[in-house]
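Asker:
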Amino acid sequence: AKSSISANTAAADKDTTGNVATSGEIVSLKGEPIDGKHEIVIVAGFFSPEINVREHAGRGVKVVGEDGVVGKVEGPFGKAGKCKVSFEGGLPAEGTVGKKVELLSP
Numbered sequence: 092a093k094s095s096i097s098a099n100t101a102a103a104d105k106d107t108t109g110n111v112a113t114s115g116e117i118v119s120l121k122g123e124p125i126d127g128k129h130e131i132v133i134v135a136g137f138f139s140p141e142i143n144v145r146e147h148a149g150r151g152v153k154v155v156g157e158d159g160v161v162g163k164v165e166g167p168f169g170k171a172g173k174c175k176v177s178f179e180g181g182l183p184a185e186g187t188v189g190k191k192v193e194l195l196s197p
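Given below as structure tokens:
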């Protein structure tokens, strides 16, 4: 009985650690620009390092203040909770880093 209690506690702890935030920031651009635009950007701030970003793949990401500019989470980038986000049609190479982004509900 004792071991099942600790197992349950461990599972509960695992679920509660780590945070998913709805606001983040574009911290870098990936790959070569196509027509001056980058289709993949790196976003920080959505996920704490404990989160399995792959479980959130496919979630929409909106650029704050730009109507209709929506990308999607592709997967993790590095170990610190950053993620790769793709934008069909790309984002401009100039002025994109530092923009605020919003994680949409799944």
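For reference, each letter of the sequence shown is one residue, going 92 to 197 in the working numbering.
No residue lacks a Cβ here, since even glycine has one placed at the ideal position from N, Cα and C.
Predicted model, so just to flag it, every value in this text is computed and none were measured.
#1: Taking residue 117 as the reference, give the member of 131, 110, 125, 123 with the closest Cα.
#2: Determine, using beta carbons only, whether residue 121 and residue 175 come nearer to each other than 8 Å.
#3: Got a sec? Which residues, its chain only, sit under 7 Å from residue 142 by beta carbon, not counting five neighbours each side?
#4: Tell me the DSSP bridge mates of residue 183?
#5: Hey, residue 125 and residue 181: beta-carbon distance below 8 Å or not?
Answerer: The answer reads as follows:
#1: 131
#2: yes
#3: 109, 111, 172
#4: 128
#5: yes
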